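See below for the structure under consideration.
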Amino acid sequence: MSEHVMVIAPHPDDEAIGCGGTLCLHRERGDPVHVVFLTSGEAGLPDLAPEAVWTIREAEGQEAAKVLDVGHVDFLRLPDLGLDDNISVAAERLRAILKSYPADLIYLPHPGESHPDHKAVLPIVRAALAPNASSELRVYEVWNPMTEVGWVEDISAVMQRKLRAIGCYQSQLKLIRYDLAIRGLNRYRGILQAGSRYAEAFQYYESSAATSQSEG
């Protein structure tokens, strides 16, 4: 039986960096994948008007989705660098999407990330989910490696495809070569924790804010 997968990305590129390889594996198993971009990353190109950045970064997100074979993409256009001040609004919009596309698995950045938008995603997702929601939350790494890892996914067979998806974000790669950084991190996870060439790391979090992190 297929699992319905949703990825919550604070900005276009976080989905490919954090769990692009695992998304490829989900698609190979026939699992439907839906990506929700909370912002369109206007702070990533500060010299341009927000509308111009939306055009650029959303187009990059759509191209990356094609590489990853993602079935559906939503752009909520919440304020970049402002998610922590818009948790209720973000949760309301995400709740509406979850009603149309219920998810068995939800991937999101781990709350130990230094970027404030990344930190805000867990409370947004928890607020959006119904009290009796059965969705499993899996947190991924983007800017900051996790100090404790629950499990790793061997992505060796799809690493090049993940890198192609990241390569769609040329507007950001011109600023920071995070494709090289994540390749190194995934190599580290693979060698030391998965016994493979490349791996992505995750932790499991409870869907309810009333409960703390439970297991890896």
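Each residue of the sequence shown is one higher than the one before, counting from 770 in this note's numbering.
Ideal Cβ placement from N, Cα and C applies to all residues, glycine included.
Keep in mind that this is a model prediction, so the values were computed, not measured.
Measuring alpha carbon to alpha carbon, tell me which residue in the options is nearest residue i.
| i | options | result |
| --- | --- | --- |
| G790 | N855, A926, I945 | A926 |
| A897 | S869, H884, V911, M915 | S869 |
| Y974 | R930, Q962, R956, S904 | S904 |
| F971 | R946, L792, E820, Y947 | L792 |
| L814 | D948, S883, Y938 | Y938 |
| P885 | V774, P779, M770, M775 | P779 |
| V776 | A818, P819, P871 | P871 |
| R907 | L817, C788, D800 | C788 |
| D843 | V921, E910, R933, P781 | P781 |
| K931 | A818, P819, V836 | V836 |
| M915 | P880, L847, D800 | P880 |
| V918 | L954, P819, K943, I875 | L954 |
| W823 | L847, I875, G840 | L847 |
When the distance is taken between beta carbons, is residue j closer than 7 Å to residue i?
| i | j | result |
| --- | --- | --- |
| E772 | D873 | yes |
| R958 | A950 | no |
| H795 | V802 | yes |
| A860 | L807 | no |
| A812 | D849 | yes |
| S940 | I786 | no |
| A902 | S857 | no |
| D948 | I935 | yes |
| S809 | E827 | yes |
| Q962 | V911 | no |
| D800 | V774 | yes |
Looking at the unbroken beta strand (DSSP E) that takes in residue i, where does it start and where does it end?
| i | result |
| --- | --- |
| M775 | 774-778 |
| T916 | Neither: T916 is in no beta strand (DSSP E) and is coded neither H nor E. |
| D948 | From DSSP, D948 is part of no beta strand (DSSP E) but of the alpha helix (DSSP H) over 947-958. |
| E969 | 968-974 |
With a cut-off of 8 Å on the beta carbons, I'd call residue i and residue j a contact; round off their distance for me.
| i | j | result |
| --- | --- | --- |
| P878 | V890 | 5 Å |
| N855 | E882 | That belief does not hold up - the Cβ atoms of N855 and E882 are roughly 18 Å apart, past 8 Å. |
| R946 | R956 | Actually they do not touch by this definition, with Cβ atoms about 15 Å apart. |
| L852 | I893 | 7 Å |
Alpha helix (DSSP H) containing residue i: first to last residue?
| i | result |
| --- | --- |
| V858 | 856-869 |
| E829 | 819-837 |
| L852 | That residue, L852, is in no alpha helix (DSSP H); it is neither H nor E in DSSP. |
| V927 | V927 -> no alpha helix (DSSP H), and no H or E assigned at all. |
| P801 | Per DSSP, P801 belongs to no alpha helix (DSSP H) and is neither H nor E. |
| D843 | Counting along the chain, D843 falls outside any alpha helix (DSSP H), though it belongs to the beta strand (DSSP E) covering 841-847. |
| P892 | 885-897 |
| L814 | Where L814 is concerned, there is no enclosing alpha helix (DSSP H), given that its DSSP letter is neither H nor E. |
Touching by the beta-carbon criterion (3+ pairs, under 8 Å), the region 814-834 and the region 853-867: no
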